[in-house]
Amino acid sequence: MEMWLKITLMLCVYGVLKETRPSEPFITKYLINPPMNFTTDQVSQDIYPVSIYSMLILCVVIFLITDLVRYKPIIILLSTSAMSVYLMLIFGRSLIVMQILEVLYGLFSVCEVAYYTYIYAKVDKSHYQEVTGYTRAAYLVGRAVSGIISQTLVSSGFSYYSLNIVTFVALTLSGIWALFLPPVESSIYFNPVNVDMETGKRIKTPFGEKLVYGFKQLWKDFVSAFKSFYVVKWAFWWALATCCYYQILQYVQPLWEQILEDNPQSGGNLNGAVETAYTLISAGGAYGFGKLQADWAKHGELVLCLGSLLIAGILFVMSRTSSIIFAYGTYILYALIYNSMMTISNSEVAKTINPDSYGLIFGFTTFIALLMQSLLTIIVIEDLNLDPKTQFLVYGGYFAVLSAVFAVKCIIDLIRKHSRNSANLILESR
Numbered sequence: 469m470e471m472w473l474k475i476t477l478m479l480c481v482y483g484v485l486k487e488t489r490p491s492e493p494f495i496t497k498y499l500i501n502p503p504m505n506f507t508t509d510q511v512s513q514d515i516y517p518v519s520i521y522s523m524l525i526l527c528v529v530i531f532l533i534t535d536l537v538r539y540k541p542i543i544i545l546l547s548t549s550a551m552s553v554y555l556m557l558i559f560g561r562s563l564i565v566m567q568i569l570e571v572l573y574g575l576f577s578v579c580e581v582a583y584y585t586y587i588y589a590k591v592d593k594s595h596y597q598e599v600t601g602y603t604r605a606a607y608l609v610g611r612a613v614s615g616i617i618s619q620t621l622v623s624s625g626f627s628y629y630s631l632n633i634v635t636f637v638a639l640t641l642s643g644i645w646a647l648f649l650p651p652v653e654s655s656i657y658f659n660p661v662n663v664d665m666e667t668g669k670r671i672k673t674p675f676g677e678k679l680v681y682g683f684k685q686l687w688k689d690f691v692s693a694f695k696s697f698y699v700v701k702w703a704f705w706w707a708l709a710t711c712c713y714y715q716i717l718q719y720v721q722p723l724w725e726q727i728l729e730d731n732p733q734s735g736g737n738l739n740g741a742v743e744t745a746y747t748l749i750s751a752g753g754a755y756g757f758g759k760l761q762a763d764w765a766k767h768g769e770l771v772l773c774l775g776s777l778l779i780a781g782i783l784f785v786m787s788r789t790s791s792i793i794f795a796y797g798t799y800i801l802y803a804l805i806y807n808s809m810m811t812i813s814n815s816e817v818a819k820t821i822n823p824d825s826y827g828l829i830f831g832f833t834t835f836i837a838l839l840m841q842s843l844l845t846i847i848v849i850e851d852l853n854l855d856p857k858t859q860f861l862v863y864g865g866y867f868a869v870l871s872a873v874f875a876v877k878c879i880i881d882l883i884r885k886h887s888r889n890s891a892n893l894i895l896e897s898r
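According to our numbering, the sequence shown holds residues 469 to 898 in order.
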């Protein structure tokens, strides 16, 4: 087996293990039932927002040092922080413990950048497209396995508490596996090459010089990427759509709980099955759109406009429905559309920028998404104190505004095209 493929498979095994977290589809149910007994308002307003702010603060530090420390230490930190989260879920009971836990969950979340970018520092550029597909597939397989395990255990009568133990075991295995990942010999950015002119041998570079060189390269790639309006356009949608996606993932379970409280009904314990379905269907959509041959430079704005409008409609329906099964179905449909459009957005950006700078652009767009999510949380959760149904009405309005932005761009392009055609006709008539 070729070395690049062996390393990729090792990373993929790690990816499956770290995503095998069967407690996540039922985390809100665990927190609002014995032995935790928090209220839905406490979960939505006092616990969940902490991880959002934690991610915003920590992401800058983690994104900057991941390449500097050469990836593997951050991957180990990822598993360590995740294990700590679930130990605290197993043994902790107080609000303050849950809030500390959310800080660690934020650390775990931002450390995932190392999982997605480690492989680019280990394989040749000619394999980038293949390894990207493999690592994304591992993520999806892990999520699907997680959903299947959680739904099977809950349907078999196991408690929500027991899901935390299974999750902790899987994450412990991921931490052990991470120790055996091959180290990265040199960073992508912080790796200046100084050669002795007389001997031709490489000279060890002082740490300070490495830092200066690395940040210069980061800035150079950043400017190179974002001087292209085409990259800005796709990254703009990527960041703003991801902001709301994170928020929906965080608060969809409280929405389901409100629907069940307002309208008691059967079928409200299928969160794991929904997780599996949304993961597999989204994977199919992402794969299909990844293979779709289209002129996105020509039709991109229209697709972003119509896709955002469709998402807005789905979220409006989710906020109004009283059927938990219908809420599950619309959530799966939302995830399908979002992930399909993200596939296009990611690929269009990746095709336009320097391959080495993908991690940088990924980090920057994620930071903007987290910044926007923090503002959204402050306004919607803390200031306005909206219930989950009203929150999703706001999120629908958010995507409607995003759709309107691209609709305006489409109209401007049509007017310009019409003006150019008219001018050409006038010139030809002369």
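Note that the Cβ used here is the ideal one computed from N, Cα and C, for glycine as well.
* Asked: Using a Cβ-Cβ cut-off of 6 Å (strictly less than) and excluding sequence neighbours within five positions of S519, which residues of its own chain qualify?
  -> One-based indexing of the sequence shown puts residue 519 at position 51. So the qualifying residues of the chain are E570, Y573 and G574.
* Asked: What three-state label does DSSP hand A762 in the structure shown?
  -> Walking along the sequence shown from the start, residue 762 turns up at place 294. Of the three classes helix, strand and coil, the one that applies to A762 here is coil, per DSSP.
* Excluding the 5 residues preceding and the 5 following S577 in the sequence, name in chain order all residues of the same chain whose CB lies nearer than 6 Å to its CB. => By 1-based counting over the sequence shown, the position of residue 577 is 109. Taken in chain order, the residues that qualify are M523.
* To do: Quick one: residues in its chain with C-beta nearer than 6 Å to the C-beta of I883, no 5 flanking neighbours on either side, listed in chain order?
  => To locate residue 883, count along the sequence shown from 1; it is residue 415. Within the same chain, I883 has no close Cβ partners at all.
* Asked: Out of N739, F494, T508 and P823, which has the shortest C-alpha to C-alpha gap to Y596?
  -> Translated into positions along the sequence shown, residue 596 becomes position 128. With distances taken between Cα atoms, Y596 lies closest to P823.
* Whole-angstrom C-beta distance between L686 and F494, which should lie under 8 Å -> As a position in the sequence shown, residue 494 is number 26, starting the count at 1. As a position in the sequence shown, residue 686 is number 218, starting the count at 1. So it is not a contact: roughly 40 Å between Cβ atoms.
* Cβ-Cβ distance between T820 and Y698 below 9 Å -> Indexing the sequence shown from 1 puts residue 820 at position 352. Indexing the sequence shown from 1 puts residue 698 at position 230. Going by C-beta atoms, T820 is nearer than 9 Å to Y698.
* **Closest by C-alpha distance to S491, when choosing among A638, F694, G676 and L870** => As a first step, residue 491 is located in the sequence shown; it is residue number 23 there, counting from the start. Nearest C-alpha to S491: A638.
* Could you check what DSSP says for Y863 in three-state terms: helix, strand or coil? => Taking the sequence shown and counting its residues from 1, one reaches residue 863 at position 395. Reduced to three states, the DSSP call for Y863 is helix.
* To do: Identify whether N822 lies in helix, strand or coil by the three-state DSSP scheme.
  => Counted from its first residue, the sequence shown places residue 822 at position 354. Looking at N822 - three-state DSSP - the assignment turns out to be coil, as it is neither helix nor strand.
* **Runs of alpha helix (DSSP H) lying entirely within the stretch 543-625, each at least 4 residues, in chain order** => 563-578, 580-586 and 596-623
* To do: Work out the CA separation of E743 and Y613 for me, nearest whole Å.
  => Numbered from 1 along the sequence shown, position 145 holds the residue referred to as residue 613. Numbered from 1 along the sequence shown, position 275 holds the residue referred to as residue 743. The amino acid at residue 613 is misidentified as Tyr; the sequence shows Val. Each residue's alpha carbon lies about 9 Å from the other.
* **Start and end residues, alpha helix (DSSP H) containing I846** => Residue numbering aside, residue 846 sits at position 378 when the sequence shown is read from its first letter. Per DSSP, I846 belongs to no alpha helix (DSSP H) and is neither H nor E.
* I716: buried (16+ other C-beta within 10 angstroms of its C-beta) or exposed? -> One-based indexing of the sequence shown puts residue 716 at position 248. It is buried - the Cβ of I716 has at least 16 other Cβ atoms within 10 Å.
* Can you tell me which of N814, K540 and M566 puts its alpha carbon nearest to the alpha carbon of A707? => Taking the first residue of the sequence shown as position 1, residue 707 is located at position 239. Closest by alpha carbon: N814.
* Would R538 pass as a contact of E677 if the rule is Cβ separation under 9 Å? -> As a first step, residue 538 is located in the sequence shown; it is residue number 70 there, counting from the start. As a first step, residue 677 is located in the sequence shown; it is residue number 209 there, counting from the start. Not closer than 9 Å, so no.
* Taking all protein chains shown into account, do 16 or more other C-beta atoms lie within 10 angstroms of the C-beta of D689, making it buried, or fewer, making it exposed? -> Here residue 689 refers to the residue found at position 221 of the sequence shown. By the 10 Å Cβ count, D689 comes out buried.
* Tell me whether R695 sits in a helix, a strand or coil according to DSSP, three-state version. => Along the sequence shown, one-based indexing puts residue 695 at 227. The question names Arg, yet the displayed sequence has Lys at residue 695. Three-state DSSP puts K695 in coil, outside helix and strand.
* Asked: From L801 to W705, what distance separates their C-alpha atoms?
  -> Residue mapping note: residue 801 aligns to position 333 of the sequence shown, counting from 1. Residue mapping note: residue 705 aligns to position 237 of the sequence shown, counting from 1. Computed Cα separation, rounded: 19 Å.
* Rounded straight-line distance, which links the Cα of W764 to that of W645 -> Residue 645 sits at position 177 when you count from the first residue of the sequence shown. Residue 764 sits at position 296 when you count from the first residue of the sequence shown. Taking the straight line joining both Cα atoms gives about 40 Å.
* Asked: Three or more beta-carbon pairs under 8 Å between the stretch 844-856 and the stretch 715-734, yes or no?
  -> yes
* Candidates Y554, I475 and G864, of which the one nearest K486 by Cα -> Taking the sequence shown and counting its residues from 1, the one referred to as residue 486 is at position 18. The shortest C-alpha to C-alpha distance from K486 to any of Y554, I475 and G864 is the one to Y554.
* **Close beta carbons around N472, own chain, < 7 Å, minus the five adjacent residues each side** => For the purposes of this step, residue 472 is taken as residue 4 along the sequence shown, with counting starting at 1. The residue asked about is misnamed: residue 472 is Trp in this sequence, not Asn. Within the same chain, W472 has close Cβ partners V591, D592 and H595.
* So, Q510 versus L557, is the Cβ gap smaller than 9 Å? -> As a first step, residue 510 is located in the sequence shown; it is residue number 42 there, counting from the start. As a first step, residue 557 is located in the sequence shown; it is residue number 89 there, counting from the start. No.
* Asked: Does DSSP put Q513 in a helix, in a strand, or in coil?
  -> Mapped onto the sequence shown, residue 513 falls at position 45. It is helical.
* Exposed or buried, what is P503 when buried is set at 16 or more other beta-carbons lying within 10 Å of its beta-carbon? -> Here residue 503 corresponds to residue number 35 of the sequence shown, with the count starting at 1. Counting Cβ neighbours within 10 Å, P503 comes out exposed, since fewer than 16 surround it.
* When the Cα of G781 is compared with those of I500, L804 and G864, which residue comes out closest? -> Numbered from 1 along the sequence shown, position 313 holds the residue referred to as residue 781. Among I500, L804 and G864, the Cα nearest to that of G781 is on G864.
* Asked: Nearest CA to the CA of L844: which residue from Y498, K672, G752 and Q718?
  -> Mapped onto the sequence shown, residue 844 falls at position 376. The shortest C-alpha to C-alpha distance from L844 to any of Y498, K672, G752 and Q718 is the one to Q718.
* Buried or exposed: which applies to Q859, given that a residue is buried once 16 or more other Cβ atoms fall within 10 Å of its Cβ? -> For the purposes of this step, residue 859 is taken as residue 391 along the sequence shown, with counting starting at 1. Classification of Q859: buried, given that the 10 Å Cβ count is 16 or more.
* To do: Let me know the secondary structure DSSP gives L649 once reduced to three states.
  => By 1-based counting over the sequence shown, the position of residue 649 is 181. Look at L649 here: in three-state DSSP terms it is coil, with no helix or strand label.
* Asked: So what does DSSP say about P502, is it helix, strand or coil?
  -> In the sequence shown, the residue the question calls residue 502 occupies position 34. Residue state, collapsed to three classes: coil.
* What's the gap between the Cα of G827 and the Cα of I544? -> Locating residue 827 in the sequence shown gives position 359, counting from the first residue. Locating residue 544 in the sequence shown gives position 76, counting from the first residue. G827 and I544: Cα-Cα distance of roughly 18 Å.
* Asked: To which residues of the same chain is S791 closer than 8 Å at the C-beta, ignoring the five residues directly before and after it?
  -> The sequence position of residue 791 within the sequence shown is 323, counting from 1. I727, N731 and Q733, listed in sequence order.
* DSSP state of N739, grouped into three classes? -> Along the sequence shown, read from residue 1 onward, the residue named residue 739 stands at position 271. Of the three classes helix, strand and coil, the one that applies to N739 here is helix, per DSSP.
* Can Y796 and L738 be called in contact, C-beta distance under 9 Å? -> The residue labelled residue 796 in the question sits at position 328 within the sequence shown. The residue labelled residue 738 in the question sits at position 270 within the sequence shown. Yes, the Cβ-Cβ distance between Y796 and L738 is below 9 Å.
* Asked: Straight-line CA distance for V869 to M840?
  -> As a first step, residue 869 must be located in the sequence shown, where it is residue number 401. As a first step, residue 840 must be located in the sequence shown, where it is residue number 372. Just so you know, the alpha carbons of V869 and M840 end up roughly 14 Å apart.
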